[in-house]
Amino acid sequence: MRRAVCPGSFDPVTNGHLDIVERASRLFDEVIIGVLINHSKTGLFTIEERLEMLSEATAAYTNVRVAAFHGLLVDFCRAQGAAVVIKGLRAVSDFDYELQMAQMNIGLSGVETLFMPTNPLYSFLSSSLVKDVVKWGGDASAYVPDFVGERLAARLKQN
Ligand code: PNS
């Protein structure tokens, strides 16, 4: 079975992430969305909340599942039986760091990274920008699923 991992923080998932996951799901038998547990960075949403939102947003894709991981991405890939990591590239500015990580990952374990050009509709999009827009009352409905927008608004109102 050809499996791929789509890793990230997903705090929260955006339509840009979903575009990559959906396209990857057509190329691989199974896609595992790997949510990084980063103890040194507090997110807006807990890992459980991020997994929940990702599960809901990808419910229509029968070959996509979600899981959390900590430590090295290559160890997570090995545990999942995935030989490939899929990364979306939004712009050339993403490339430098992504290339370094891809080369480190192949050196560490032979896990390949495939870069997928982001849909131009989302080439400027990031979870951080969406959080800022919603925080200040802007309309982010084109950039996240409706239920994610509602959860964002509710969470940011509390903060
Ligand atoms: O959504 P993000 O925060 O840009 O995702 C970054 C992520 C999770 C892909 C990256 O930080 C990662 O792979 N972290 C796991 C730790 C690791 O394997 N580090 C060495 C990579 S060369």
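Read in order, the letters of the sequence shown are residues 906 to 1064 in the numbering used here.
Built from N, CA and C at the ideal position, the CB exists for glycine as well.
These numbers come from a predicted model, not from an experiment.
Residue i and residue j closer than 9 Å at C-beta
{"i": "H944", "j": "H975", "result": "yes"}
{"i": "A992", "j": "P912", "result": "Looking at the sequence shown, residue 992 is not Ala but Lys. Yes, Cβ-Cβ distance for K992 and P912 is below 9 Å."}
{"i": "T967", "j": "L994", "result": "no"}
{"i": "R970", "j": "I938", "result": "yes"}
{"i": "A996", "j": "S1028", "result": "yes"}
{"i": "A965", "j": "F1052", "result": "no"}
{"i": "V926", "j": "V990", "result": "no"}
Between the CA atoms of residue j and residue i - distance to the nearest angstrom
{"i": "V979", "j": "R955", "result": "21 Å"}
{"i": "Y1057", "j": "V1039", "result": "The displayed chain sequence assigns Leu, not Tyr, to residue 1057. Answer to the nearest angstrom: the Cα atoms are 7 Å apart."}
{"i": "L1004", "j": "R928", "result": "21 Å"}
{"i": "A987", "j": "T1018", "result": "11 Å"}
{"i": "F1000", "j": "W1041", "result": "30 Å"}
{"i": "S1014", "j": "D924", "result": "27 Å"}
{"i": "F933", "j": "A984", "result": "17 Å"}
From the options, residue whose alpha carbon lies closest to that of residue i
{"i": "E953", "options": "M1009, E1003 and F915", "result": "F915"}
{"i": "C982", "options": "E1003, V1016, E961 and S1033", "result": "V1016"}
{"i": "L1030", "options": "S930, I937, F1020 and S1046", "result": "S1046"}
{"i": "F950", "options": "M1021, A988, G986 and S1032", "result": "S1032"}
{"i": "V940", "options": "R931, M958 and D924", "result": "M958"}
{"i": "A972", "options": "E935, A996, S998 and D999", "result": "E935"}
{"i": "I1011", "options": "L977, D924, Q1063 and F933", "result": "L977"}
6 Å Cβ shell around residue i - same chain, five flanking residues per side excluded
{"i": "G948", "result": "D916"}
{"i": "S960", "result": "V971"}
{"i": "F1020", "result": "K992 and L994"}
Close beta carbons around residue i, own chain, < 8 Å, minus the five adjacent residues each side
{"i": "R1060", "result": "L949 and F950"}
{"i": "V1035", "result": "P917, T919, A1045, Y1048, V1049 and L1057"}
Own chain, CB closer than 7 Å to residue i, minus 5 neighbours either side, in chain order
{"i": "S998", "result": "none"}
Closer than 6 Å between the C-beta and any heavy atom of the ligand PNS: which residues qualify, listed along the chain? P912, G913, S914, L941, L977, L978, M1006, M1009 and N1010
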